[in-house]
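Accompanying notes for the structure given below.
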Amino acid sequence: MTDTLHSFGLGIATLNREGALIETWYPAPMLHPDPGVTRAAGKACGYSGGNRAIVLEPVQLEALEKAISDSGDEHSRQLVHALQSAARPIVATFLATDEAPASVAEVYLKLHLLSHRLCQPHTLNLRGAFGVLHNIAWTSEGPIDLPELPQRQLQARLAGRALSVDAVDKFPKMSDYVIPPGIRIADTARGGRGAHGGEGTTVMHEGFINFNAGTLGPAMIEGRISAGVVIGEGSDLGGGCSTMGTLSGGGKEVISVGRDCLIGANAGIGIALGDRCVVEAGLYITAGTKLQLMDRDNQPVRTVKARELSGHSDLLFRRNSTTGGVECRANSTQIELNEELHRHN
Amino acid sequence: MTDTLHSFGLGIATLNREGALIETWYPAPMLHPDPGVTRAAGKACGYSGGNRAIVLEPVQLEALEKAISDSGDEHSRQLVHALQSAARPIVATFLATDEAPASVAEVYLKLHLLSHRLCQPHTLNLRGAFGVLHNIAWTSEGPIDLPELPQRQLQARLAGRALSVDAVDKFPKMSDYVIPPGIRIADTARGGRGAHGGEGTTVMHEGFINFNAGTLGPAMIEGRISAGVVIGEGSDLGGGCSTMGTLSGGGKEVISVGRDCLIGANAGIGIALGDRCVVEAGLYITAGTKLQLMDRDNQPVRTVKARELSGHSDLLFRRNSTTGGVECRANSTQIELNEELHRHN
Amino acid sequence: MTDTLHSFGLGIATLNREGALIETWYPAPMLHPDPGVTRAAGKACGYSGGNRAIVLEPVQLEALEKAISDSGDEHSRQLVHALQSAARPIVATFLATDEAPASVAEVYLKLHLLSHRLCQPHTLNLRGAFGVLHNIAWTSEGPIDLPELPQRQLQARLAGRALSVDAVDKFPKMSDYVIPPGIRIADTARGGRGAHGGEGTTVMHEGFINFNAGTLGPAMIEGRISAGVVIGEGSDLGGGCSTMGTLSGGGKEVISVGRDCLIGANAGIGIALGDRCVVEAGLYITAGTKLQLMDRDNQPVRTVKARELSGHSDLLFRRNSTTGGVECRANSTQIELNEELHRHN
């Protein structure tokens, strides 16, 4: 039963005043965990199958340490040992299968799997996650369930403390939970929400990665990666550029960007790009944009709607600055990420 | 005299080293307050009419609690009771009339009235507020008057503390003061400054609401609401879109957006929109933009300047991707906000 | 030897677990310091020439106070006296010459010189600075060397503290180090990184100043100043506008903007602007954009590539909203910064 778990995590949880779990940090989440460990953990925690998040009693934590110690996983044993001194509740989350999450602890475990790069965007079932999560005030004193905020603000002010409310959102800022190796995020307020930052990715101040979205490898992100959008290795999103999501007028199709693409500053795409494509700075290509296809000699061939080129490679999109028409031709320039920046990432 | 106050608030204030009030938090500001309460409060605080902010002595607070207790407002009595334990000065701000604010405490009371949704943008006299306010370093240790910052930085560093300076601005981040119900703000650094967030509004990471501006109901804000701009219910501002303010090259006319509009990503408007208008992603309509009006059969009718259409409803603006000309026709598409997102707001 | 130092600073440093210096705050950096002070300091610190950062022992700090006291610089003496009570190591950084920085302490001294407005962008040798700096987690508990972050996160969570990771970056947020007089920065997460903010500059929420870049005087910055870009007095960068940097598809030429220019919201430039130029909202001018030059009577003269006009003054760039072609003509409008805002800066 615990031999083939989908995932497992031990976390430090935040409960609200009613005792409901509103947030969890898993220092070492596991995908397809070692059966020896989860068997031991399941027994100590009273796990009997299915997808369950169990808040542990001190005695269970002690039993868990002993059981994991016997399983030989010293790293996990040390973690369990440390967790026994926690000032907050400890939760053990067992996911037998990758089903739509039914609890906050489950959603958080999956967000951790994404941000730890154990899973790629779109490979986990997060259906309904938005409805499961609480709307939280993320403050300088930690996450606070929204109904409790006014009282906490009063307490802080009375004591002369500044309580900063940094976000009011269902999704957490994942960079407070895990920073995977080989990444830079200039402003983590914009990098979070279950994002997947590939090794070698730099997210600049204007860059943004939304939920269940991200990069697969080295990339320079100065534009916005909308929910669900995935960016291939070696691609470069210029400052303020837009990848059309499904929230604001975008369609239902989630778009993507291949390898070694360049989307210029303040440009935007409403279609998927293949590999080695370039969109000129300031040009927004929507699915309905009519494009004049140009041949190698820069002569017009025919007109197509941009959606017909969705996902194609080696294309360059620009607006003819004389005629104002949007054109597409073969991309012959080779994009290279700034060498110095990426060498030292 | 205190029977018809415009507004009233009890706040916890921050004074600078010279004893000047630089900031105030009002947990429960009142518009057109109950005369019973303000009569009692006025007597206890020595208020004798006009617009006054009075820093209270402990004995006045005690008298205030007793007086309010007699008036039967138990909620206010509890607040006054709690305030007696404050580590900071308590201020009672009485506004007899809505005049241009003469003190920091007055400006803050009006900012609170806006953010508590007790008043809509433009309904309060805030003339000259900018000149009344101090330029403040908003830090992890609370607001610090700018001339005092270097000394505070030195003290913090000597003690091994990290003093984060989050903003240097006259206007506060209002989300540290009040989060009205039914709102999400993904990055409060951008949602503040006397903003009015309507119930059901989501301000995404790229969204921004400036001073005396905001939304009147459910809305998805991924673009920038400039100072004074008001957005109607059901409208959707795409990522990075711009509503032209009066700071950077915009005119003197404050623009607005009606209900059920969609401004596409990276688009922008320099005119007001009526209801059910759409501006295509990436298109900036300034007041001087010449538009080709198209009929239902998509045939050109005549050319108009955009300012002639300011405030009109049911229009769709786009740039013809073949000719490069900007066109306007009747909007027949119905915009709907993302259902799942807004159901769980 | 110490008579002609390029610069000097006494700082409070952060070391990582291995004892390497990863960050330094210099409360009062000096350019071309008084020889009397540096001679005294050099002797007390055991400085023997070249560019050196010396971590001081308590006994050296005492000697330094005495030596500086003898030199008559009371302000520096007071600083040294205060530093003796620091909970962190104190570093004395002597730069004999402006060479490529070889240590973290050197880079930080130069970043301070820029942000204190002692040097203008591009006047300091910062070659290789990126490679010298550590990739740091900038947290609510101060800078943490990235390899140490997981352990620190665990400690904080065990103790019930929220450890916020605000950035993961090599460059610091300079507003935590110095706020020069006469500046407003609405969101310091975007104003930092060795930026030079001129007196009278306002950086709004959407504004951003990258490394070794900035403004030279009064300016309203609601757009992005890319690395190395310098903006002249009286210029106005509209919301979300872009100045093309060298990271994302930009060329190798660093661009600049002269005095009294206006770049409209969501516009962008890939060429330098001279003085009194205007770029219409939403228009992106790249170096390769073909422009129709118009005479005073608005008649076409000839076609040029934008790069030929790089750095020229008194030009107005716009896209003809009827033909879609990009045009350039003499700018006859006078741009004025919002008076009220700047009077009270």
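Chains as they are written, first to last, in our numbering: chain D, 2 to 346; chain W, 2 to 346; chain C, 2 to 346. From the three backbone atoms N, C-alpha and C, an ideal C-beta is built for every residue, glycine too. As the structure is a computational prediction, the values presented were derived from the model and not from experiment.
The three-state secondary structure of P301(W), taken from DSSP, is strand.
The beta-carbon distance between A266(D) and G240(D), rounded to whole angstroms, is 4 Å. This is short enough to meet the 8 Å contact definition. For N299(W), no chain C residue has a C-beta closer than 8 Å to its own C-beta; the minimum C-beta separation is roughly 17 Å.
For P36(D) against F9(D), the beta-carbon gap comes to about 10 Å, at or over 8 Å, which does not count as contact.
The alpha-carbon separation between C120(W) and V179(C) amounts to approximately 38 Å. Distances from the CA of G50(W) to each of M31(W), L6(W), Y27(W), Q79(W) were compared; the closest alpha carbon is that of L6(W).
Residue state for K174(W) is assigned as coil, using DSSP reduced to three classes. Around the C-beta of D296(D), fewer than 16 other C-beta atoms lie within 10 Å, and the residue is accordingly described as exposed. T203(W) is bridged by DSSP to R185(W), M221(W). For the C-beta of S141(D), the chain W residues within less than 8 Å are, from N- to C-terminus, S141. Contacts between P28(D) and chain C, judged by CB atoms closer than 9 Å, involve P151, Q154, L155, R158 in chain order. The Cβ of R191(W) sits closer than 8 Å to at least one Cβ of chain C.
In this chain, E66(W) is not harboured by any beta strand (DSSP E); it is covered by the alpha helix (DSSP H) spanning 59 to 72.
Collapsing the DSSP output to three states places A97(W) in coil. Annotated as proximal: T202(D) and P219(D), with beta-carbon spacing under 8 Å. For N267(W), the neighbours in chain D by C-beta distance under 9 Å run, in chain order, G241, C242, S243, N267, A268, G269, G283, Y285.
A307(C) is positioned such that its CB atom lies no closer than 8 Å to that of A282(C). Residue-level contact by beta carbon fails for T304(C) and chain W, as no gap is shorter than 8 Å. The alpha-carbon separation between L112(W) and N211(W) amounts to approximately 12 Å. Residue contact with chain D for N136(C): present (Cβ-Cβ distance below 8 Å to some residue of chain D).
For F212(W), not one C-beta of chain C is nearer than 8 Å to its own C-beta. Secondary-structure assignment with DSSP links R53(D) through a beta bridge to F95(D). Straight through space, the alpha carbons of L150(W) and Y27(C) are spaced by roughly 14 Å. E328(W) is bridged by DSSP to Q293(W), R319(W).
Judged by pairs of C-beta atoms under 8 Å, the stretch 97 to 117 of chain W does not touch the stretch 164 to 173 of chain D, as fewer than three such pairs exist. From the listed residues V92(W), A42(W), E107(W), the smallest Cα separation to D99(W) is found for E107(W). Taken in chain order, the unbroken stretches of beta strand (DSSP E) that lie wholly in the stretch 106 to 172 of chain W and span 3 residues or more are 137 to 140, 143 to 146, 166 to 170. With a threshold of 8 Å between beta carbons, H206(C) makes contact with chain W.
Shown here, S227(C) sits in coil according to DSSP, grouped into three states, outside any helix or strand.
Judged by their CB atoms, C262(C) and L292(C) are not nearer to each other than the 8 Å cut-off.
Here I137(W) is not near E207(W), since their CB atoms are 8 Å or more apart.
Remark: C-beta atoms of R53(W) and F95(W) approach each other more closely than 8 Å.
Take D276(D), set aside five residues on each side of it, and the residues of its chain with a beta-carbon closer than 8 Å to its own are G233, G259, R260, D261, C262, S314, D315, in chain order. Excluding its 5 nearest sequence neighbours in each direction, D4(D) has C-beta neighbours in its own chain below 7 Å: P36, R40, listed in chain order. Contact check between the stretch 81 to 89 of chain W and the stretch 150 to 160 of chain D: three or more CB pairs, one atom from each, fall below 8 Å, which counts as touching.
For E309(D), the three-state secondary structure derived from DSSP is helix.
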